[in-house]
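Reading the sequence shown from the start, the letters are residues 211 to 364 in our numbering.
We treat Cβ as the ideally placed atom computed from N, Cα and C, and that holds for glycine.
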Amino acid sequence: MATFRLATLHKLRERDRDVAGKAVQEVRGALEILDERQREIEESNRSMDAYRKQASTGAINLQQILDAQRFQMVLAAQAAQIAEQQGTLRQELDRRQFALLKCQQDVKSLEKLREQRDDAALNLELGKQQERLDEWSCIRHATNSQPPGNDPER
211 MATFRLATLH KLRERDRDVA GKAVQEVRGA LEILDERQRE IEESNRSMDA
261 YRKQASTGAI NLQQILDAQR FQMVLAAQAA QIAEQQGTLR QELDRRQFAL
311 LKCQQDVKSL EKLREQRDDA ALNLELGKQQ ERLDEWSCIR HATNSQPPGN
361 DPER
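Here it is as structure tokens:
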């Protein structure tokens, strides 16, 4: 079979697809980190709630309660910032996934082109083989059809 003339372009498209795939994975990794940080903030917030409830029973230490509330305000600000970053990253993830899809389609179209070319080459080769077999069969039939006594050279 002949070599695929667009092999270099196919390799470039595959490379672009791989780069786009890595870019998508980077954003997913960043989102996982932010999700983990969000869980940590929620856990800290729950522990601060428990701490405030415990500090409000018995002898009330107002300073501890205020400190816990301030810390919870900081946690809420961090949570809001993380939520904003997650929104931005989700938009970026959508954009990168679309780019990856486009790259995958480009690679797939070249693969289909290669398959069609290979199929056409195979069909051409099979057609040539069939012609040779038909020719050989006709010659064989012609030589077998002549009666043994009818030799034209006599």
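Excluding five sequence positions before and after ALA278, the CB atoms of its chain that fall closer than 8 Å to its own CB belong to MET258, TYR261, ARG262, ALA265, given in chain order.
Counting only residues of its own chain and dropping the five nearest sequence neighbours on each side, ALA240 has a CB closer than 7 Å to the CB of LEU299. GLN282: member of the alpha helix (DSSP H) spanning 272 to 355, first to last residue.
Linking ARG238 to ARG306 through their CA atoms gives a straight-line distance of about 10 Å. Selection GLN314, ARG350, GLU253 evaluated against ASP228 yields GLN314 as nearest (Cα-Cα).
ASP304 is the residue among ASP304, GLN356, ARG324 whose C-alpha sits nearest the C-alpha of GLU236.
Collapsing the DSSP output to three states places SER254 in a helix.
Between LEU244 and ILE292, the CB-CB gap stays under 8 Å. In the three-state DSSP reduction, THR218 falls in the helix class (H, G or I).
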